[in-house]
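The next block holds one structure in the form of structure tokens; read it before the comments.
Number of protein chains: 4
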Amino acid sequence: MSSKIADIGLAKQGQMSYTWARTHMTILEKIKMSNESKKPLSDYKLGFCLHITKETSVLIIAAKMLGADIAICSANPLSTQNDIAAFLSSEGIKVFAWRGQSERQYRECIESVLQFQPDILTDDGGDLHTAAHKSKTRFYGGTEETTTGVKRLEILQSRKRLKYPVIAVNNAYTKHLFDNRYGTGQSTIDGILRTTGLFLSGKQVIVCGYGWVGKGVSVRARGMGAIVTITEVDPIKALEAHMDGFNVQQLSDVSYIGDIFITCTGHCRIIRKEHLKKMKDGAMLANAGHFDVEIDVGYLYSQDKFPILVRPNVECFKCHDKKLYLLSKGRVINLVGAEGHPPEVMALSFANQLLSILFLSKNYRSLTNKVYNVPHEIDLKVARYAIEAENLRIDDS
Amino acid sequence: MSSKIADIGLAKQGQMSYTWARTHMTILEKIKMSNESKKPLSDYKLGFCLHITKETSVLIIAAKMLGADIAICSANPLSTQNDIAAFLSSEGIKVFAWRGQSERQYRECIESVLQFQPDILTDDGGDLHTAAHKSKTRFYGGTEETTTGVKRLEILQSRKRLKYPVIAVNNAYTKHLFDNRYGTGQSTIDGILRTTGLFLSGKQVIVCGYGWVGKGVSVRARGMGAIVTITEVDPIKALEAHMDGFNVQQLSDVSYIGDIFITCTGHCRIIRKEHLKKMKDGAMLANAGHFDVEIDVGYLYSQDKFPILVRPNVECFKCHDKKLYLLSKGRVINLVGAEGHPPEVMALSFANQLLSILFLSKNYRSLTNKVYNVPHEIDLKVARYAIEAENLRIDDS
Amino acid sequence: MSSKIADIGLAKQGQMSYTWARTHMTILEKIKMSNESKKPLSDYKLGFCLHITKETSVLIIAAKMLGADIAICSANPLSTQNDIAAFLSSEGIKVFAWRGQSERQYRECIESVLQFQPDILTDDGGDLHTAAHKSKTRFYGGTEETTTGVKRLEILQSRKRLKYPVIAVNNAYTKHLFDNRYGTGQSTIDGILRTTGLFLSGKQVIVCGYGWVGKGVSVRARGMGAIVTITEVDPIKALEAHMDGFNVQQLSDVSYIGDIFITCTGHCRIIRKEHLKKMKDGAMLANAGHFDVEIDVGYLYSQDKFPILVRPNVECFKCHDKKLYLLSKGRVINLVGAEGHPPEVMALSFANQLLSILFLSKNYRSLTNKVYNVPHEIDLKVARYAIEAENLRIDDS
Amino acid sequence: MSSKIADIGLAKQGQMSYTWARTHMTILEKIKMSNESKKPLSDYKLGFCLHITKETSVLIIAAKMLGADIAICSANPLSTQNDIAAFLSSEGIKVFAWRGQSERQYRECIESVLQFQPDILTDDGGDLHTAAHKSKTRFYGGTEETTTGVKRLEILQSRKRLKYPVIAVNNAYTKHLFDNRYGTGQSTIDGILRTTGLFLSGKQVIVCGYGWVGKGVSVRARGMGAIVTITEVDPIKALEAHMDGFNVQQLSDVSYIGDIFITCTGHCRIIRKEHLKKMKDGAMLANAGHFDVEIDVGYLYSQDKFPILVRPNVECFKCHDKKLYLLSKGRVINLVGAEGHPPEVMALSFANQLLSILFLSKNYRSLTNKVYNVPHEIDLKVARYAIEAENLRIDDS
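Going down the list, the sequences are from chains E, Y, D and S.
Note that the first sequence covers residues 14 to 410 in my numbering.
Note that the second sequence covers residues 14 to 410 in my numbering.
Note that the third sequence covers residues 14 to 410 in my numbering.
Note that the fourth sequence covers residues 14 to 410 in my numbering.
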């Protein structure tokens, strides 16, 4: 099989990005180095479906150094960095990914990975696992990066249709406590700064949702001088936001005061017609959630079919006699408007991935077709590597 | 039976404190008012073993208004506020408590509560439950306020010796997420301010432990201008502290820089000889944990048998050619040096207590002899009452 | 002359407080020690009019150790700590001060200090200087601690009636940048905690005024979890508050949402009838300014002649069908409800005082009858002593 | 005269940027609108030497709408945005600016502005004023944006060589309190995020200098989760940093712990050989000061003549067996790595510029050849406009 990518000429540029990321993902380097001599993955074929970013390339190259034979496609038709795809291909990885795929091309690339007949499948969102369950190939096991993907797999499990054991990497403490909170917190602010170039000090920022993502975004927005109000549906989380010193209000009551609205809920249709109508002229709308369903973009288009692009990733809708600015089309602002999570955070998540793949390769025979949490020893090991990478010192218990 | 208290003449003063606390514990008032007409506890005898504070009196009077017949003793020989004991007694509660009991008197008071033959037992720490398990009386059920007490009851359960169903109030989200973090956070700072009268801006504060209590203490110390360093044994918590912007170090490495040390671990012998030896002249030692075991007070006495009381609750030990100041004898600083948790936070914890007692009174027949979590509906109801009490508005889910 | 104090029997207790304060005012100790051998003040009689607190006793004893002969009265009829007065008296200082003086007694004590015929006068507020200008005695010079006192002296100067050179200690950077901001910031929070015992997390705190005091109070209130709104009359300060992430509103617009109001303006009648009428049931009123003129206490009494004392320093007024709580009678909350500025901060202010007195003793002959700023070398010297006392290290310029 | 710019075809793109900035600079719009009908500048020729950015274009177009005839060159050979230059040219402004000028071209463009024979000169840095003093033309007056430029003009004044009155816009409170602190604070963080893409939580950030810029950068770095240490030479500022809760250390003592170093001093050679030698592998070096003199870039080149560009604006030097990363060549990180100050802040500075130009046009005859501060009424007017623009409400004094 040969790769399908946009332009192999970008490989050198991709390598530069890879090197920068690797320098700041020392946890993965340490895992690689402590296992490299034994090549523990040399009898395994791995299939990946991930966002093709510089951080992902560090995971892929580490897995290759441990002996694996690898095919990879992208977890999203729009998120591939073509230079990284080219670099991975030049390193002998089978890559089926380019930026701006059609839905059909996206599906075909997933099929290409399955035709490679991987032993272990690593997915971000669950599309690879879903396709795998439709194929007749047998797999040793899989891992899953996201909450969404884990939920889809748990449904399969509850219907007794899960075909292989899966490790829910998302559930590791060293994944969701850090990636979802601090990672999204910083990169959402970064995305808003790059997209708008505006001042945050004194801005009225409305954060919808006070889960891990909302917590991270709120504390960083406040750290930049914004005045933050939280909207919530869960009274316990609302109370927590209040005790953390944030205003807590109903969205409809603060629609008219917000300068910037950021959805962090993971749910559909949070910002709707009734809120958009009340907003003040110039309000900005951003989404930090995984899917582009939290802001009712359809309603905006129903009011203004031809919004004007006033800056890259900033569209101006004329709507109820005022201007509303939609950032990055309501898609996840940190990936579309900035570079996603910084490498130091992805190192934690991908360390869990790599150790879970190693764990599966050794233990798949004794596992049943269930969704497993990441073994706590792996979680602790990742934390200990991170402590070392950050030059921290902790006490003996 | 008649009360045993220090001085009934203090009842009026106690009533004043009760009224102030009740005004700021509207959640409990609401629960009381929405149940008062039916007197749902009128067939029940309740036995309590709690710290006799103004906040506790609000719980006790609310339970009485719902019809209960009540006896109470203290959860600690030193924590009783004599004016509150007098006030409760004047309201017809059987009270067996005064400040400064001997160990034997303390035990006798617990026995007095049991001789009252209560149907439901509410405890803080587990001493009442332990005594109840030695008696031949039968009980309908019980509740427990603390982590420590819950642990003791779970041991009984694992040995199949638990005699009645118990609700672990400590495990409610609206208890431990708020009481342990924000409550202890503020009241520990309050205790240090009242005890020392010193300046916190720019002080090097070493917080041992980054659990809920450590998190609360750290963020409030930083909020007062201190420079905070965390010591931990758990790499995941250490990493969290680091991402929250705190220095993370080994205690022995920072022993020589700390101005104030605050233990928040719940474990024994955290600050020991090897740390005390390294400390600088004038260092201060405080404990925010439940028991006085976190600082090795014995070692201090071995170095200086006659420490000087330089301010109320501040003892100066001459030790290794320098002065070390022990605050409130290493006992929990927020209760000894200040007034414990503020009423607004205790309202959350005690709302869980009152609703759990009501729940037990209705359902004890269908429960088995197990440790139960607080039913999630109760947890949510407390949160909703608090949302209302704080004038917050949340969205419909 | 012999002292007039409340009870010489309190001297030992006063010494204990003095020692604790001195331990934390090492700057003053260093100044004392580097001058002690020469006894530079041995030919001088010093007259002081200051709040008689433990911190003041450290200044007085230091001046005595440098050779001075000293008389002191209190800068306020209510602020004297009787144990400190006793301690100073037992050390040979002439003390004319006790807690709870009548206005006439207060004036007589000032006269007693003047009859001592001091060479140099140190004042807090300007009452001693005013009295000195009515006497026929000649003085070498004086110093003044407060903004208010400096203003009164500048009026005398503008009328060409100033009788001796005065150093405006208040104007030193190492005085007003620290004392007014961080000192008042912490001690105001401390005063509110001790007075009310209530929870600050999530409380709506309205801070009137965003000068140095307002800045300090706001940042510490936020640090304790409160939601802070600023009211201002100066658009530049209002904008600064806004950029610091605070809500900025008109007082009448936020009167109905505040849980705690804190005046920090130095002006009269900030919280008036129209605001009090709008406040919600249970609102609390505190003043951080020097004089008790910022809250219209008269209006409260016109509504309720007999407010109830619900806790020490907390009076409940029934007013417009609701309860309003006045803290410490609207007098400066940090001194009445807590212990005033912590010693580390007073060390900065009093180091300026002591060095200014030494400067006057050497240079009074060459000075004219003007209000002088503290010489910048003294300001820098105090900063450098503080840097040393706090174990900080700075770079060479 | 006709413009000299890079590409007039970029005018439309420039207009889009202009419109976005104008939308967020409503203060300038208000000034423009309240004066527009009278065309008060219609008899005046204005000469500008500013960074040609989208914010500058809003000032220029506003001045044009008030009737002025305008010529402009750039204040820096590298900072011109070519699309803005094209847009201004298409609007009838004489523009002499393109990105990447040689030193000689830069000087020639300044001369072109002077040949236009402007009545009033507005400068950023002082190069235009210096050239004007060498020409024989007479000018009515000038304004100056920066501290540096003001210093150069004050030297001319002290030598009695100043040829026309100049208003020091930099000295307005509404300029330096906001632009230097909050503007640079945010945009420096923005520049570091865009340049490195790295994680700030838990990073050891060393900020050199605690003036307005250092204060702004420190508080925002802490707001993003970094652990911030300050180095200073001034003991008063060092003490202030300490009381604000920052570590204060000598640079040589913390050289080995810093992950990111940010110079904010305005002085030369702050980070030198002795510091660079001690730094750890991977340390990053950024400058927030106006000139590229704070980091000893020359020493880096002496160690590694051919640094590798590992990301845009990130050069890796091999130096003493480790890698050091220099961001944006040690040039001001917020302009080179991001977009400079956000428009809301520039609106404050440029409102002072526009009102000062209007003031000069009315009053130049009565002014002498001195450096004047911005009249306080202008400062207050700008603050009031900003209060209105931000929808704040302040109290009447």
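Just so you know, even glycine gets a beta-carbon here, dropped at the ideal spot from N, CA and C.
Presumed contact (8 Å Cβ cut-off) between residue i and residue j, rounded CB distance
{"i": "S/Ile180", "j": "S/Val387", "result": "6 Å"}
{"i": "S/Thr156", "j": "S/Ser362", "result": "So it is not a contact: roughly 11 Å between Cβ atoms."}
{"i": "Y/Ile97", "j": "Y/Ile65", "result": "5 Å"}
{"i": "Y/Ser102", "j": "Y/Val108", "result": "5 Å"}
{"i": "E/Val345", "j": "E/Thr209", "result": "No, E/Val345 and E/Thr209 are not in contact; Cβ-Cβ is about 16 Å, not under 8 Å."}
{"i": "E/Phe212", "j": "S/Glu357", "result": "4 Å"}
Chain D contact residues for residue i, given Cβ-Cβ distances below 8 Å
{"i": "E/Ala239", "result": "Gly258"}
{"i": "Y/Gln128", "result": "Near Y/Gln128 there are no residues of chain D at all, since even the closest Cβ is about 35 Å away, more than 8 Å."}
Bounding residues of the alpha helix (DSSP H) (the contiguous stretch that carries residue i)
{"i": "S/Ile243", "result": "Element bounds for S/Ile243: not the alpha helix (DSSP H) but the beta strand (DSSP E), Ile240 to Thr244."}
{"i": "S/Ile203", "result": "Here residue 203 of chain S is Asp; the residue named in the question, Ile, does not match the sequence. Thr197 to Thr209 is the span of the alpha helix (DSSP H), which, as asked, contains S/Asp203."}
{"i": "E/Asn458", "result": "For chain E, the structure presents residues 14 to 410; residue 458 of chain E sits outside this window and is missing."}
{"i": "D/Glu157", "result": "No alpha helix (DSSP H) holds D/Glu157; the beta strand (DSSP E) holding it covers Gly154 to Glu157."}
{"i": "S/Lys77", "result": "Lys67 to Met78"}
{"i": "D/Arg324", "result": "Here D/Arg324 belongs to no alpha helix (DSSP H); instead the beta strand (DSSP E) covers Ile321 to Arg324."}
{"i": "D/Met359", "result": "Pro356 to Asn376"}
{"i": "D/Cys277", "result": "Run containing D/Cys277: none; DSSP gives neither H nor E here."}
{"i": "S/Asp266", "result": "Leu264 to Val267"}
7 Å Cβ cut-off: residues of chain D touching residue i
{"i": "Y/Pro355", "result": "Gly210, Leu211 and Phe212"}
{"i": "S/Asp408", "result": "Thr244, Glu245, Val246, Gln263 and Leu264"}
{"i": "E/Arg235", "result": "Gly258"}
Own chain residues within Cβ distance below 7 Å of residue i, not counting five before or after
{"i": "D/Lys286", "result": "Asp309 and Tyr312"}
Per-residue contacts from residue i into chain Y (C-beta, under 8 Å)
{"i": "D/Gln118", "result": "Result: empty, since nearest Cβ-Cβ is about 28 Å, beyond 8 Å."}
Chain-order list of residues whose beta-carbon lies under 6 Å from that of residue i (same chain, five-residue window excluded)
{"i": "D/Pro9", "result": "Nothing about residue 9 of chain D can be reported from this structure: the residues present for chain D run from 14 to 410 only."}
{"i": "S/Thr69", "result": "Leu63"}
{"i": "E/Ile283", "result": "Cys221, Thr276 and Glu307"}
{"i": "D/Gln26", "result": "Asp96"}
{"i": "E/Val323", "result": "Cys329"}
Extent of the continuous beta strand (DSSP E) run through residue i
{"i": "D/Val108", "result": "Lys107 to Phe109"}
{"i": "E/Lys336", "result": "Lys335 to Leu340"}
{"i": "E/Gln217", "result": "Gln217 to Cys221"}
8 Å Cβ cut-off: residues of chain E touching residue i
{"i": "S/Arg112", "result": "Residues of chain E passing the Cβ test: none, with the nearest at roughly 18 Å."}
Partners in chain S for residue i, counting only beta-carbon separations shorter than 8 Å
{"i": "D/Ala399", "result": "Pro248 and Leu252"}
{"i": "E/Tyr195", "result": "Phe212, Ser214 and Gly238"}
Same chain only: Cβ atoms within 8 Å of residue i, ignoring 5 sequence neighbours per side
{"i": "S/Asn184", "result": "Val163, Asn386 and Val387"}
{"i": "S/Gln366", "result": "Leu72, Thr135, Thr156, Glu158 and Val182"}
Proximal chain D residues relative to residue i, where beta-carbon distance stays under 9 Å
{"i": "Y/Met29", "result": "Ile321, Leu322, Val323 and Arg324"}
Partners in chain E for residue i, counting only beta-carbon separations shorter than 7 Å
{"i": "D/Ala255", "result": "Just to set this straight, residue 255 of chain D is His in the shown sequence, not Ala. Correct list: Gly215."}
Neighbour list for residue i in chain Y, Cβ cutoff strictly below 9 Å
{"i": "D/Gly350", "result": "Those within 9 Å of D/Gly350 in chain Y number zero; the least Cβ separation is about 11 Å."}
Worksheet item: So, do the segment 46-56 of chain Y and the segment 87-97 of chain Y have three or more beta carbon pairs nearer to each other than 8 Å?
Response: The answer is no - the segment 87-97 of chain Y does not touch the segment 46-56 of chain Y, with fewer than three Cβ pairs under 8 Å.
Worksheet item: Is the number of C-beta pairs between the segment 314-326 of chain S and the segment 164-182 of chain E that are closer than 8 Å three or more?
Response: Contact between the segment 314-326 of chain S and the segment 164-182 of chain E is absent, with fewer than three C-beta pairs closer than 8 Å.
Discussion item. I'd like to know if the segment 261-273 of chain Y and the segment 217-227 of chain Y are in contact, where contact means that at least 3 CB-CB pairs between them fall below 8 Å.
Written reply: Yes: at least three Cβ pairs fall under 8 Å.
Item to complete: Please confirm if the segment 331-340 of chain E is in contact with the segment 294-310 of chain E, defined as three or more CB-CB distances below 8 Å between the two stretches.
Response: Yes, the segment 331-340 of chain E is in contact with the segment 294-310 of chain E.
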